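Residue numbers (my numbering): 1 to 571.
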């Protein structure tokens, strides 16, 4: 029984240098027993695991929990969710049907808040999606209205000419006018803006009006209820001058205000799609190469990107501040004090404005071909249940006879080579920000500040599966290693601290959380991985796959349904 994990970086000691072997059952400790009883796993035991390196030398023994092999998920009791407030949510564990909606993570404050009563009465009776569609249209329309208002007023000020007067305040305004607006070209630009924004606004107002009348029809048919005891009158879209006139805005104003109680951040101008999260520590010679490579990717793919950097040694603040100025704010440094990966990525992800996060390390520079970035965005768009996409190394499952390299599948719709996997490594590792937030981020309890994040990537991707998300893997981006300079965790003075001590501690937490490698949790997830690959993807090389199944648990039982319909394998 071996458990192998590919390395996080090129060269040096790798996670695969450690084999974890099951030993005989031993007596339980009081602390383990408490955790065991809380989980409700009545038929479980504890074991001692011995970690050896590839040369067979004993490293350490650690006491970690694991269920008996014969425990199935059907035998697990119902679990009360600690996250619900008054009504406790009963959860029936299921290994092959993991849905995002299973657990309620609302806090008491989140579940108790209410909309303004008249808004709740109106919006609660609208068909799903209608209020959100109306909100999006109004939100974008107000952006264009703001631009039109500003262009018209600046154009009026330009036509009025500079202020005249002898007092100092008027002279200052005249000076500002002469240096800002005294240009015929400016007039042409303003007139073009007014024409463009007016055309856009007229089109959007028609769409908003159509949505408002849809609400009206629903009211008349008795499907949408009423507001304040009266049926809605024919609704007109709110225009930019209503507020200025101070007149009655009517139901259109009321409904417009209600749907705007929660903005759509995706519609904010200049919003990046991808946020790169770089963990950096004492490599000043590579600064500009790291930054320029990411800028090139954004320009090459036309995908809006941003770069957030955890600068783990604030002594280089001056160099990074210069880069902020040089890049016009593209680089966003966060100065920390040796917090390392887990805390760094969580901090950066919380600040990232993109919907997709991509983790990076400072010992490799992205190569020139950035087509992989388009593929990552396409995969997240194509598969809404995917929470993370590995871009370095992966595993199908734990245990012997699993291949852990190569791409065997592709998406039949886009043709992008990709496959479902159990776990993926840092870095790069891409993940959906909403999924990261939903599952509680990267686990910072697996290490102290300043210690490496070994096993944190596996725990993160395993937790994605447990929460109902899926994990995929794609082709590694081309990268250029920082030749001649070891990774921070592979230096002689730090290697054992990470790959020895921290690996033992973090792996112990991983196994105690998810059970032994051949227990019901991890084997159930491994079967789910195989099932998704067979049912939803197509093989890149069917002939090769037919002669050697890459899954240790075998492919036969998952192929019967596929072969009976539209098989990817030769019959």
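Think of the CB as a built atom: it goes at the ideal place given N, C-alpha and C, for glycine as much as any other residue.
Because the structure is a prediction, the values reported are computed rather than measured.
Limits of the unbroken beta strand (DSSP E) element including residue i
i: residue 473; result: 470–474
i: residue 310; result: 305–311
i: residue 430; result: 429–432
i: residue 523; result: Not the beta strand (DSSP E): residue 523 falls in the alpha helix (DSSP H), residues 520–536.
i: residue 148; result: That residue, residue 148, is in no beta strand (DSSP E); its alpha helix (DSSP H) goes 130–160.
i: residue 275; result: 274–280
i: residue 180; result: Not the beta strand (DSSP E): residue 180 falls in the alpha helix (DSSP H), residues 168–180.
i: residue 420; result: 418–420
Chain D within 9 Å of residue i, Cβ atoms only
i: residue 127; result: Looking at the structure shown, chain D is missing, and only one protein chain is on hand.
Reference residue i; option with closest CA among the options
i: residue 212; options: 359, 310, 290, 137; result: 137
i: residue 132; options: 266, 531, 443; result: 266
i: residue 462; options: 152, 163, 135, 443; result: 443
i: residue 115; options: 257, 427, 411; result: 257
i: residue 342; options: 292, 453, 323; result: 453
i: residue 348; options: 323, 309, 321, 427; result: 309
i: residue 287; options: 273, 320, 203; result: 320
i: residue 475; options: 531, 435, 439, 411; result: 411
i: residue 395; options: 500, 408, 161; result: 408
i: residue 373; options: 296, 424, 331, 448; result: 296
i: residue 364; options: 414, 292, 378; result: 292
i: residue 294; options: 526, 367, 186, 354; result: 367
i: residue 358; options: 383, 325, 334, 392; result: 392
i: residue 436; options: 317, 421, 389; result: 389
i: residue 449; options: 204, 336, 538, 380; result: 336
i: residue 441; options: 451, 428, 168, 456; result: 456
i: residue 353; options: 272, 420, 496, 379; result: 272
i: residue 124; options: 168, 188, 215, 514; result: 215
i: residue 369; options: 398, 299, 420; result: 299
i: residue 467; options: 270, 387, 173; result: 387
i: residue 187; options: 302, 306, 130, 152; result: 152
i: residue 401; options: 166, 164, 549; result: 549
i: residue 513; options: 497, 134, 460; result: 460
i: residue 254; options: 528, 121, 274; result: 121
i: residue 218; options: 334, 126, 344; result: 126
i: residue 147; options: 185, 199, 377; result: 199
i: residue 428; options: 473, 355, 301, 418; result: 473
Boundaries (first-last residue) of the alpha helix (DSSP H) holding residue i
i: residue 335; result: Careful: residue 335 lies outside any alpha helix (DSSP H), inside the beta strand (DSSP E) at 331–335.
i: residue 545; result: 542–547
i: residue 461; result: 456–466
i: residue 300; result: 287–301
i: residue 498; result: No alpha helix (DSSP H) holds residue 498; DSSP gives it neither H nor E.
i: residue 447; result: Residue 447 -> no alpha helix (DSSP H), and no H or E assigned at all.
i: residue 511; result: 503–514
i: residue 122; result: 117–123
Exposure of residue i, with buried meaning 16 or more beta-carbon neighbours within 10 Å
i: residue 113; result: exposed
i: residue 346; result: buried
i: residue 556; result: exposed
i: residue 403; result: exposed
i: residue 554; result: exposed
i: residue 144; result: buried
i: residue 480; result: exposed
i: residue 33; result: Because the pLDDT of residue 33 is 37, which lies under 50, any placement of that residue in the model is unreliable, and the number read from its coordinates should be weighed accordingly. By the neighbour-count rule (16 or more Cβ atoms within 10 Å), residue 33 is not buried but exposed.
i: residue 543; result: exposed
i: residue 197; result: buried
i: residue 434; result: exposed
i: residue 360; result: buried
i: residue 415; result: exposed
i: residue 413; result: exposed
i: residue 515; result: buried
i: residue 29; result: Reliability of the predicted coordinates at residue 29 is poor, the pLDDT of 40 falling under 50, and no value is obtained from them.
i: residue 507; result: buried
i: residue 191; result: exposed
i: residue 41; result: Confidence at residue 41 is low in this model, with a pLDDT of 38, below 50, so its placement is unreliable and the value that follows should be read with caution. Buried, by the Cβ-count rule.
i: residue 285; result: exposed
i: residue 447; result: buried
i: residue 156; result: exposed
i: residue 617; result: The requested residue 617 does not occur in the structure, where the chain is confined to residues 1 to 571.
i: residue 268; result: exposed
**Request:** Mind the definition here: the stretch 309–318 touches the stretch 273–283 only if three or more C-beta pairs lie below 8 Å; say whether that holds.
**Result:** A contact exists between the stretch 309–318 and the stretch 273–283.
**Message:** So within the stretch 318–403, which uninterrupted alpha helix (DSSP H) runs reach at least 4 residues, ignoring any that extend past its ends?
**Reply:** 341–351, 371–382
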